[in-house]
Structures are given as structure tokens and as C-alpha cells.
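Numbering (our numbering), first residue to last: 11 to 123.
Ideal Cβ positions, reconstructed from N, Cα and C, are used throughout, including at glycine.
Remarks on the structure that follows.
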């Protein structure tokens with residue numbers, strides 16, 4: 011007669027829950043696409059008296075975008091705002107790099123404020 015001990019039961023349960031948690035996190039990460047937050051078109055608006063322009067990058071040349079190809083170029087009153095996309099899809103800028111934003115337009119509006 012082989013009985014399972016309480017220690018073995020807790021160890022098995024903890025192992026199973028760890029596997030389930032890891033599988034759920036992996037499935038969520040695979041289902042998200044950080045490129046989805048990159049605007050496809052252009053944005054040209056006036057916000058609090060400042061002109062915000064967002065265009066798709068054209069190849070990452072000097073002053074045509076100091077960032078990776080494919081990331082948008084954000085300009086406020088004609089001056090480029092350097093932006094970066096984090097691994098989780100959120101955006102940060104040099105003006106406010108301690109706060110993350112969901113989209114480049116919300117990032118640009120926060121930089122104007």
C-alpha cells in the first residue's frame with residue numbers, strides 16, 4: 011500500500027500550477043503584437059496650440075528619424091521628438107521617459123502638456 015504524503019501532494023500541486031501559469035503567460039505574449047500600436051497613416055493636429063505631426067519612418071536616415079526603421083517620426087512644431095517603443099508595446103520619449111503611453115499620439119500630447 012503506497013500512500014502519498016502531504017509534502018508530495020503540495021509539491022505536485024505547486025509544479026502543476028507553475029506549468030499552467032507559464033503556459034498562460036506564454037500564450038498571452040504570443041497573442042500580442044507590439045507592432046499593432048504603430049500608426050499606419052499620418053497624424054497632423056493642433057493640440058493646446060502646438061502642432062503635432064506623426065509620420066511613418068522612411069528608413070532611419072539622419073534627421074529623417076534617429077530610430078529604428080519602421081517606427082514613426084513624431085514632430086512637435088516641426089522639431090523631432092525622439093521616441094522609443096518598449097518590448098510590451100508601450101511608448102516613451104526623452105521628454106517624459108518615466109511614464110509609458112499606449113500610442114505615439116498620447117505620448118506627443120503628454121510632451122506638449
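Are the beta-carbon atoms of residue i and residue j separated by less than 9 Å?
i, j, result
"residue 112", "residue 100", "yes"
"residue 84", "residue 63", "yes"
"residue 122", "residue 60", "yes"
"residue 80", "residue 97", "no"
Give the C-beta separation of residue i and residue j to the nearest angstrom, bearing in mind that I take them to be a contact with Cβ-Cβ under 8 Å.
i, j, result
"residue 91", "residue 118", "6 Å"
"residue 115", "residue 53", "6 Å"
Opposite residue i in the DSSP bridges: which residues?
i, result
"residue 53", "64"
"residue 103", "93"
"residue 16", "Paired residues: none, contrary to the question."
Taking only three categories from DSSP, how would you classify residue i?
i, result
"residue 110", "coil"
"residue 123", "coil"
"residue 22", "helix"
"residue 30", "helix"
Considering only heavy atoms of the ligand NAD, does any lie closer than 8 Å to the CB of residue i?
i, result
"residue 15", "Absence of the ligand NAD is noted for the structure shown, with no ligands found whatsoever."
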